[in-house]
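Right, one structure below, let's go through it.
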Amino acid sequence: MVSDTENGTYTAISGATDSTYDLTQAEVGKFIKVVATYTDAQGTVETVTSGSKFCS
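My numbering numbers the first residue of the sequence shown as 444 and each following residue consecutively.
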């Protein structure tokens, strides 16, 4: 997810749906967060969100 400001509204990065993603020039100068969704051993869908990081 990407935002112009650290505490702003984050939006999904188009195409960032695999286990890896190479940042592009479009993310430079912005803040990103990683959101990972998975199904645990009990079958419950879990979501984990990272802290924000500035891309320079």
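Idealized CB from N, CA, C, for every residue including glycine. Bear in mind the structure is a predicted one, so any value in this text is a computation, not a measurement.
- Bounds of the beta strand (DSSP E) holding Tyr481 are Val478 to Thr482.
- Annotation: Glu470 is outside any beta strand (DSSP E) and is labelled neither H nor E by DSSP.
- If you ignore the 5 residues before and after Tyr481, its C-beta comes within less than 7 Å of the C-beta of Glu489, all in its own chain and listed in chain order.
- In this structure, Met444 sits away from Thr460, with a CB-CB distance that is not shorter than 8 Å.
- Within its own chain, the residues whose Cβ lies closer than 6 Å to the Cβ of Ser493, once the five positions on either side in sequence are excluded, are Lys476 and Val477, listed in chain order.
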